[in-house]
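The next block holds one structure in the form of structure tokens; read it before the comments.
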Amino acid sequence: MSRVRFTLAATVVAAAALAAGTAQAEKQFYKLGSFPPGTSPYIVNTAFATAVNKYVPDVEIQISATGPATLHQLLVTEGKMDFAMGAATGSQLMYRQQGPFKKVTDGPARISKMPMLFSYPIGAYHFVAYANSGIVKLSDLKGKKVFLGPPGGVATRNVILIVEAMTGLQPDKDFTQVKMGWGAAAQAFQDRKFDVWVPVTNAPSPQVQQIALSNKIRILGLDESKFDRPAWKKYWSQPGRSMVTIEPGVYGENQVNTEPAMTTGAFVGMIARHDIPEETIYRMVKAFWDHIDETHAMAKWAIKSITPEIGVSAIAGKLHPGAAKYYAEKGLKVTTIYDPDSGIGN
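The number in our numbering is simply the position in the sequence shown, starting from 1, with 1116 added.
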């Protein structure tokens, strides 16, 4: 009798192990390209991946925080990456085969291969200088070492336009452009390897906070009187632009600003590989928005910046059908700010 029981128990255990192995084998793994830790996109991407991994049992998202966003977008359109940060500006440049996408020969066809899931404000361009550097305005960049963003990045292209509009200065002619990735630049600025650092992130940024803990810093503001210049008009004509102020004291007592620093920002979003099944994307988007309180717990700025309403307010290109299904169920009106097929923003 005991032998029968033992054999039956062994069979049950083996069947359970086989079932578990089958379930594991059927689990789908996805890769999400991201900005490095401490940035707004990384926080959003981490929140999205965490919600999906927690509430969608048969899929798992793994974050890859290497390489620029422009590369991630290309990889998504080639089916070599599943999710990444996308933006109206990036879509526009890809469609036109300009800027970082000037070597692309099939830009219009690629746009349809990276539909968006939701939008959000990436934050403000922070022009950060050490308070004892003698740099108090953007024109003081002359002769300095400045990080504008990673080489070939859309953000870098935009910062170059902003600096040119505000000062007339050009990189590697009037000042030295520091060329490295986002993560390396944050560490190098903390080590005082260069003079001005321009991350793009919501305030308060964990990276800027870290530096302000032990150093006095100044946020350099924009000059509204220069907004009629060609470089600014070129920058501002891009879809998804916004004006932002960084308040004095948002980075504590070591931020020496006594007045709000006016700067600019942009809307970005989460893009996906176009052939991920509709139902899979629907369950992912639902997991993220139905548990958005968990995202809000990760960063104070997210409470006002990451909401379903904002999530459909600045869509670039097409929505993935799975995301569209969720928003239709919630009765949310989708606003598209760039869609070359419809002529919106082009």
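The beta-carbon is built from N, C-alpha and C at its ideal position, and this holds for glycine as well.
Start and end of the beta strand (DSSP E) containing residue i?
{"i": "S1235", "result": "M1232 to Y1241"}
{"i": "F1383", "result": "A1377 to A1388"}
{"i": "F1263", "result": "K1261 to F1263"}
{"i": "I1453", "result": "T1452 to Y1454"}
Using DSSP's beta-bridge definition, name the partner residues of residue i.
{"i": "E1176", "result": "F1145"}
{"i": "L1435", "result": "M1232"}
{"i": "G1202", "result": "G1385"}
{"i": "T1361", "result": "M1378"}
{"i": "A1245", "result": "V1312 and R1334"}
{"i": "Y1443", "result": "Paired residue(s): none; Y1443 is not in a bridge."}
{"i": "I1392", "result": "Beta-bridge pairing links I1392 to no other residue."}
{"i": "I1460", "result": "D1455"}
Taking the straight line between their C-alpha atoms, what separation do you get for residue i and residue j?
{"i": "T1221", "j": "Q1213", "result": "7 Å"}
{"i": "G1337", "j": "P1173", "result": "46 Å"}
{"i": "A1139", "j": "I1333", "result": "Model confidence at A1139 stands at a pLDDT of 46, short of 50, so the residue's coordinates are unreliable and nothing is read from them."}
{"i": "G1137", "j": "I1177", "result": "Residue placement at G1137 is flagged as unreliable, the pLDDT there being 47, under the threshold of 50; the coordinate-derived value follows with that caveat. Each residue's Cα considered, the two are about 19 Å apart."}
{"i": "R1308", "j": "I1276", "result": "22 Å"}
{"i": "Q1306", "j": "I1327", "result": "6 Å"}
{"i": "S1330", "j": "S1249", "result": "15 Å"}
{"i": "A1319", "j": "V1428", "result": "22 Å"}
{"i": "G1154", "j": "I1238", "result": "12 Å"}
{"i": "L1257", "j": "I1335", "result": "13 Å"}
{"i": "G1385", "j": "G1215", "result": "20 Å"}
{"i": "G1438", "j": "P1393", "result": "8 Å"}
{"i": "G1368", "j": "S1421", "result": "21 Å"}
{"i": "N1462", "j": "A1225", "result": "16 Å"}
{"i": "L1261", "j": "E1445", "result": "For the sequence presented, residue 1261 should be read as Lys rather than Leu. Cα-Cα distance, rounded: 51 Å."}
{"i": "Y1351", "j": "L1448", "result": "30 Å"}
{"i": "D1455", "j": "K1434", "result": "7 Å"}
{"i": "D1391", "j": "K1229", "result": "8 Å"}
{"i": "M1463", "j": "S1321", "result": "The structure shown does not extend to residue 1463, since the chain spans only 1117 to 1462, so no value can be given for it."}
{"i": "A1167", "j": "Y1246", "result": "38 Å"}
{"i": "V1270", "j": "A1418", "result": "23 Å"}
{"i": "V1372", "j": "H1436", "result": "45 Å"}
{"i": "G1097", "j": "Q1325", "result": "The question about residue 1097 has no answer, for the chain in this structure spans 1117 to 1462."}
{"i": "I1362", "j": "Q1354", "result": "22 Å"}
{"i": "Y1443", "j": "V1252", "result": "46 Å"}
{"i": "Y1387", "j": "G1195", "result": "First, the amino acid is wrong: residue 1387 is Ile here, not Tyr. C-alpha separation (whole angstroms): 12 Å."}
{"i": "E1425", "j": "Y1171", "result": "22 Å"}
{"i": "S1458", "j": "T1452", "result": "10 Å"}
{"i": "L1298", "j": "P1184", "result": "Note on residue identity: the sequence assigns Trp, not Leu, to residue 1298. Going from the Cα of W1298 to the Cα of P1184 covers about 9 Å."}
{"i": "E1395", "j": "E1142", "result": "16 Å"}
{"i": "K1295", "j": "L1285", "result": "17 Å"}
{"i": "T1423", "j": "K1289", "result": "43 Å"}
{"i": "E1410", "j": "S1156", "result": "15 Å"}
Give the range of the alpha helix (DSSP H) segment to which residue i is assigned.
{"i": "Y1367", "result": "That residue, Y1367, is in no alpha helix (DSSP H); it is neither H nor E in DSSP."}
{"i": "T1182", "result": "Neither: T1182 is in no alpha helix (DSSP H) and is coded neither H nor E."}
{"i": "T1411", "result": "I1408 to H1412"}
{"i": "T1162", "result": "S1156 to Y1171"}
{"i": "E1425", "result": "P1424 to G1427"}
{"i": "I1251", "result": "Neither: I1251 is in no alpha helix (DSSP H) and is coded neither H nor E."}
{"i": "S1421", "result": "A1418 to S1421"}
{"i": "G1215", "result": "Neither: G1215 is in no alpha helix (DSSP H) and is coded neither H nor E."}
{"i": "G1223", "result": "G1223 to I1227"}
{"i": "K1350", "result": "P1346 to W1352"}
For residue i, decide whether its Cβ has a neighbour in chain B, counting only Cβ atoms nearer than 8 Å.
{"i": "G1250", "result": "Within the model displayed, chain B is absent; a lone protein chain is all it includes."}
Kindly provide the ranges of any alpha helix (DSSP H) runs that are 4 or more residues long and lie completely inside the stretch 1283–1336, ordered along the chain. Inside the stretch 1283–1336, DSSP marks whole alpha helix (DSSP H) runs of 4 or more residues at positions 1298–1306 and 1322–1328, from first to last along the chain.
Stretch pair the stretch 1311–1325 + the stretch 1241–1249: three plus CB contacts closer than 8 Å: With a cut-off of 8 Å, the stretch 1241–1249 and the stretch 1311–1325 count as touching, because enough Cβ pairs lie within range.
Contact between the stretch 1187–1198 and the stretch 1144–1162 (3+ Cβ pairs under 8 Å): By the Cβ test, the stretch 1187–1198 is in contact with the stretch 1144–1162, since at least three Cβ pairs between them sit closer than 8 Å.
Looking at C-beta atoms only, is the number of pairs between the stretch 1403–1416 and the stretch 1252–1266 that lie closer than 8 Å three or more? Counting C-beta pairs closer than 8 Å gives fewer than three between the stretch 1403–1416 and the stretch 1252–1266, which falls short of the contact rule.
Taking contact to mean at least 3 C-beta pairs separated by less than 8 Å, is the stretch 1392–1399 in contact with the stretch 1372–1384? Judged by Cβ distances under 8 Å, the stretch 1392–1399 makes no contact with the stretch 1372–1384, as fewer than three pairs qualify.
Between the stretch 1337–1352 and the stretch 1271–1291, can you find at least three pairs of beta-carbon atoms closer than 8 Å? Touching, per the Cβ criterion.
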